[in-house]
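A.B. asks: Quick one: the structure is below, questions incoming.
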Amino acid sequence: MSFRQFVINNVRRNPKVYGPYFFTTFFAVTMFFVYALLIFHPEFQDTIDSSSETLSYFAMIGFQISQVIIVLFSAFACFYAVSTFLKTRKAEFGLLLIQGINKKQLTKLIFWENMLAGLAAVICGILFGFIFSKVILLICSNILSLTETLPFYMPWKPILITFLIFGCMFLVISAVTSFSVRVNNLKQLLASQKQPKKEIKAAWYLAFLAVLFIGAGYGTVLIFTNRFDFSFKPLLIGVVLVVIGTYFFFSQLLVFVLNRLRKRERFFFKRTNLLTFSELIYQMRDNVSTFFIVAVVSATAITAMGTSSAVGSSGLAEMSQNPYAITYSAYGGKPVDQSLLDDAKKTFASENITDYKTASGKFYQITYYVTPDETSFYTFLSIDNYNDLMGLRNEKKLSVAPGSVILLPSSSPSADKLKKDLPKELNITFKSQKVTLPVKQAAPINRFPYNFTMSSMEDVTVIANQSDIDALWQKSEAQFRETPDDNSNYLLNYSLFHTENWEETIPASKKLHADVDKWNEKNMNSETGEFVNFQSLALEWQGMKQTNGLLMLLTVLCGAVFYTFSAGFIYLRLHSDLKRDDQQYKMLFKIGLTKPELHKIVARQLRVMFFLPLLVAIIHSIVAFIALQSLLEFNIWQNVGIVIGIFVGVQCIYYFLVKYNYLKQLHRVMK
């Protein structure tokens, strides 16, 4: 047998060693190729279809950064994996040295084994990405909400770059690991599997730090949700504290708790608890880094997927400032030009949109005196216009008596404020007169085509009868007639179209938006200086979905790579201890350990290894989702539940597969 055949057989006949290494690397290469496929796609060289140039620019930057992150983490993970299973082969290396292989040949053997496994993963990852590139482009088009699917192209550049980068990475890793193996002490190599483990201890004050850091981190993250003091600094500090606390949780708190349980004789010496918890203490020491990485990476991936799924929902889009399908707002005091409205009707007809409703109205900005030298204003909307808007979405209509008003909040802070402190009346003061309007009630929160946020009551519109609004308007106009520079009365006309199937209005909205831009370009520089603002709920929703689709591509794919490597870490850790576990359970089997008891011990230990980090990650993510939910008025928990369910389901499948193979190996020893 030649040296080349010996290398190939070593890799081929050790699937339990090189299998996870190959699979995780293959997955990382595939994800890297996906990003490269998008970066070099012709559609991304200019702009993304149906999106802004800014989104296209950030997409390019984000994909490139994600590629760098994948390569760096893959290098770290591969080096860790290689180092781990090389330690398990020390006894094998000792036997090879006894058989006559020299140190130079052993180094060469390790180098080419790593290169063979790594290059095989690179080639398979590129082939897989290339074969399914059309499907990948279709999926990415749906995630980014593009109106047209990204076309297929021959990805020569992505193939070449992926092969060069990962090929060089495995070349460096193979060289470093092959020369880092110490083979001077033959006796130590042969006895590597028999060396006893040292007992691990944990101090109570270090264990307390885990509770302190995690608690402080949760507190600062929840401070982030205070909308009246909105700042990213508490969020960043909270995340850092939680990450530090998570490390102390696995390295100190769990070991401290297990040591305390070991001192409780009734519990510790009950049935198989002695074997289970004694082994868990050593597993905590050996797997601190693995558990920590799995928990942090899983929390990141769950939070990213849950947030992207919730924020990209059409239900959230309807919670935006304007929930109506198409809105025209005319600035300059005149109604929306009839030609634009006629054009909208023709466009809807050409797109077979017939089930729409229309409404028109006015918002009034009425100025008054707060002090003799200071003015402010209220935003008014007539009760008839309000009910017309409610009728478009089949919502409850209201009535208001002459001379009284209803306060309408359009944001959560304003709604909360009115619930706590609803004013009994509004006092509107003019120089010669003071008008008092009793407040009947606060209407349910709702969004409208326009809102004057800098008024006396921020994000609050005053609903009144048209006759009362006209009277106030005339008084205010007369008040400021002598000083027109101080007159900030303003009238905004709106016309809108709404349909329950507003998601289907994207093509029509694009055409209408272009028509409004042409109209504005023609009329803004005229004597009247007219300007019409155009809003489309479907286009805003598409932009929201594209932004969060981009976030999903950038975070979830990277998170999937991290999670895959982390799962591989757990498997490698189990495999590295397999020979020692074989000997341990063989001895226990001889003194009376039964197979059901073995199943119980192994199941307990594996459940801790597989689900404890995931449980910590889910708790971290739930706190993040609580913070997110307090910032939104749309229920995100259904989306969150689906995402968490997917992670738990995948982890359960992986757990049962590993458990089956692990017990199968131990059963051979106990026969």
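Take the sequence shown: its position 74, counting from 1, is numbered 116 in my numbering, and each next residue is one higher.
Think of the CB as a built atom: it goes at the ideal place given N, C-alpha and C, for glycine as much as any other residue.
Small disclaimer: the values here were computed from a predicted structure and weren't measured.
Which value, in whole angstroms, describes the spacing of the CA atoms of residue 88 and residue 196?
C.D. replies: On the sequence shown, position 46 is the one that residue 88 refers to. On the sequence shown, position 154 is the one that residue 196 refers to. Low confidence applies here, because residue 88 scores a pLDDT of 49, under 50, leaving its location unreliable and the question unanswered by this model.
A.B. asks: Could you tell me which of 584, 334, 379, 426 sits nearest to residue 440, measuring between CA atoms?
C.D. replies: Taking the sequence shown and counting its residues from 1, one reaches residue 440 at position 398. Per the Cα distances, 426.
A.B. asks: Which residues share a DSSP beta bridge with residue 481?
C.D. replies: Stepping through the sequence shown from its first residue, residue 481 is reached at position 439. Paired residue(s): 447.
A.B. asks: Note down the Cα distance separating residue 410 from residue 665, rounded to an integer number of angstroms.
C.D. replies: Position 368 of the sequence shown, counting from 1, holds the residue named residue 410. Position 623 of the sequence shown, counting from 1, holds the residue named residue 665. Taking the straight line from one Cα to the other gives about 45 angstroms.
A.B. asks: State the start and end residues of the unbroken beta strand (DSSP E) segment that holds residue 470.
C.D. replies: Mapped onto the sequence shown, residue 470 falls at position 428. Its beta strand (DSSP E) spans residues 467-471.
A.B. asks: In chain order, what residues of the same chain have a beta carbon less than 6 angstroms from the beta carbon of residue 93, not counting five sequence neighbours either side?
C.D. replies: Position 51 of the sequence shown, counted from the first residue, corresponds to residue 93. At residue 93, the pLDDT of 45 sits below 50, so the modelled position is not reliable; the number obtained from the coordinates is stated separately. Once the five neighbours on either side are set aside, the close Cβ partners of residue 93 are 588.
A.B. asks: Entirely within the region 406-440 and at least 3 residues each: give me those beta strand (DSSP E) ranges in chain order.
C.D. replies: As far as the region 406-440 is concerned, its whole beta strand (DSSP E) runs of at least 3 residues are 416-424.
A.B. asks: Does the contact criterion of 3 or more C-beta pairs under 8 angstroms hold for the region 387-395 versus the region 500-514?
C.D. replies: No, they do not touch.
A.B. asks: Would you identify the three-state DSSP class for residue 700, choosing helix, strand or coil?
C.D. replies: Within the sequence shown, the letter at position 658 stands for residue 700. If DSSP states are grouped into helix, strand and coil, residue 700 belongs with the helices.
A.B. asks: Starting from residue 534, trace the beta strand (DSSP E) both ways and give me its first and last residue.
C.D. replies: As a working note, residue 534 is residue 492 in the sequence shown. Where residue 534 is concerned, the enclosing beta strand (DSSP E) stretches over 532-540.
A.B. asks: Exposed or buried, what is residue 245 when buried is set at 16 or more other beta-carbons lying within 10 Å of its beta-carbon?
C.D. replies: For the purposes of this step, residue 245 is identified with residue 203 of the sequence shown, where counting begins at 1. So residue 245 counts as exposed.
A.B. asks: Applying the 10 Å Cβ sphere with the 16-neighbour rule, what's the burial state of residue 368?
C.D. replies: For the purposes of this step, residue 368 is taken as residue 326 along the sequence shown, with counting starting at 1. Its Cβ being crowded by 16 or more others within 10 Å, residue 368 is buried.
A.B. asks: Can you find the residues in the same chain that come closer than 6 angstroms, C-beta to C-beta, to residue 366, ignoring five residues on each side of it along the sequence?
C.D. replies: Counting from one through the sequence shown, the residue named residue 366 turns up at place 324. Closer than 6 angstroms at Cβ, skipping near neighbours: 538, 540.
A.B. asks: Taking residue 72 as the reference, give the member of 175, 703, 117, 159 with the closest Cα.
C.D. replies: For the purposes of this step, residue 72 is identified with residue 30 of the sequence shown, where counting begins at 1. Here the closest residue by C-alpha is 175.
A.B. asks: Just tell me which of 204, 255, 289 has its CA closest to the CA of residue 113.
C.D. replies: Mapped onto the sequence shown, residue 113 falls at position 71. The shortest Cα separation from residue 113 among 204, 255, 289 belongs to 204.
A.B. asks: Take residue 270 and list the residues in its own chain whose beta-carbon comes closer than 6 angstroms to its own, dropping the five residues that flank it on each side.
C.D. replies: Here residue 270 is taken as the residue at index 228 of the sequence shown, counted from 1. The pLDDT assigned to residue 270 is 48, lower than 50, so where the model puts this residue is not dependable, and the model offers no usable value.
A.B. asks: Taking its Cβ as the centre, do 16 or more other Cβ atoms sit within 10 Å of residue 556, making it buried, or is it exposed?
C.D. replies: As a working mapping, residue 556 is identified with position 514 in the sequence shown. Exposed, by the Cβ-count rule.
A.B. asks: Suppose the cutoff is 6 angstroms on Cβ atoms and the five residues either side in sequence are ignored; what does the same chain contact list for residue 658 look like?
C.D. replies: Counting from 1 along the sequence shown, the entry for residue 658 is found at position 616. Excluding sequence neighbours, residue 658 sits near 337.
A.B. asks: Where does residue 175 sit, in a helix, a strand or coil, going by DSSP?
C.D. replies: Position 133 of the sequence shown, counted from the start, is the residue given in the question as residue 175. Here residue 175 sits in helix by DSSP.
A.B. asks: For the beta strand (DSSP E) that residue 506 lies in, which residues bound it at each end?
C.D. replies: On the sequence shown, position 464 is the one that residue 506 refers to. From DSSP, the beta strand (DSSP E) with residue 506 extends over 502-506.
A.B. asks: Can you check which of these residues, 673, 680, 692, is closest to residue 266 by C-alpha distance?
C.D. replies: Position 224 of the sequence shown, counted from the first residue, corresponds to residue 266. That would be 673, whose Cα lies nearest to the Cα of residue 266.
A.B. asks: Taking the C-alpha atoms as reference points, what is the distance between residue 180 and residue 163?
C.D. replies: For the purposes of this step, residue 180 is taken as the residue at position 138 of the sequence shown. For the purposes of this step, residue 163 is taken as the residue at position 121 of the sequence shown. Between residue 180 and residue 163, the C-alpha separation is close to 25 angstroms.
A.B. asks: With burial defined as no fewer than 16 other Cβ atoms inside 10 Å of the residue's Cβ, what is the status of residue 521: buried or exposed?
C.D. replies: Position 479 of the sequence shown, counted from the start, is the residue given in the question as residue 521. Result: buried.
A.B. asks: Please report the residue range of the alpha helix (DSSP H) in which residue 263 lies.
C.D. replies: Here residue 263 is taken as the residue at index 221 of the sequence shown, counted from 1. Its alpha helix (DSSP H) spans residues 246-265.
A.B. asks: Would you call the CB atoms of residue 143 and residue 219 closer than 8 angstroms?
C.D. replies: Against the sequence shown, residue 143 aligns to sequence position 101. Against the sequence shown, residue 219 aligns to sequence position 177. No, the pair does not count as a contact, with Cβ atoms beyond the cut-off.
A.B. asks: Verify whether the separation of the beta carbon atoms of residue 284 and residue 641 is less than 8 angstroms.
C.D. replies: Translated into positions along the sequence shown, residue 284 becomes position 242. Translated into positions along the sequence shown, residue 641 becomes position 599. No.
A.B. asks: Compute the distance between the beta-carbons of residue 249 and residue 294, then report whether it is under 8 angstroms.
C.D. replies: Translated into positions along the sequence shown, residue 249 becomes position 207. Translated into positions along the sequence shown, residue 294 becomes position 252. For residue 249 and residue 294, yes; Cβs fall inside 8 angstroms.
A.B. asks: In whole angstroms, what is the alpha-carbon distance linking residue 490 and residue 474?
C.D. replies: Position 448 of the sequence shown, counted from the start, is the residue given in the question as residue 490. Position 432 of the sequence shown, counted from the start, is the residue given in the question as residue 474. So the alpha carbons of these two residues sit roughly 33 angstroms apart.
A.B. asks: Alpha carbons only, please: which of 404, 415, 121, 582 is nearest the one belonging to residue 377?
C.D. replies: Against the sequence shown, residue 377 aligns to sequence position 335. Residue 404 is the option with its Cα nearest to residue 377.
A.B. asks: Using CA coordinates, which residue listed in 468, 69, 705, 457 is at the minimum distance from residue 639?
C.D. replies: By 1-based counting over the sequence shown, the position of residue 639 is 597. Checking every option, the nearest Cα to that of residue 639 belongs to 705.
A.B. asks: If you count every other CB in all the chains shown that lies within 10 Å of the CB of residue 375, and 16 or more means buried, which is it?
C.D. replies: As a first step, residue 375 is located in the sequence shown; it is residue number 333 there, counting from the start. It is exposed - the Cβ of residue 375 has fewer than 16 other Cβ atoms within 10 Å.
A.B. asks: Per DSSP, residue 574 forms a beta bridge with which residues?
C.D. replies: The count along the sequence shown starts at 1 and reaches residue 574 at position 532. Looking at the DSSP assignment, residue 574 forms a beta bridge with 372.
A.B. asks: Specify, as a first and last residue, the run of the alpha helix (DSSP H) that residue 565 falls within.
C.D. replies: If you number the sequence shown from 1, residue 565 lands on position 523. Looking at the DSSP string, the run of the alpha helix (DSSP H) that includes residue 565 is 548-565.
A.B. asks: Select from 333, 289, 198 the residue whose C-alpha is nearest the C-alpha of residue 256.
C.D. replies: The residue labelled residue 256 in the question sits at position 214 within the sequence shown. The shortest Cα separation from residue 256 among 333, 289, 198 belongs to 289.
A.B. asks: Please classify residue 606 as buried or exposed, where buried requires at least 16 neighbouring CB atoms within 10 angstroms.
C.D. replies: On the sequence shown, residue 606 is found 564 positions in, with the first residue counted as 1. With 16 or more other Cβ atoms within 10 Å, it is buried.
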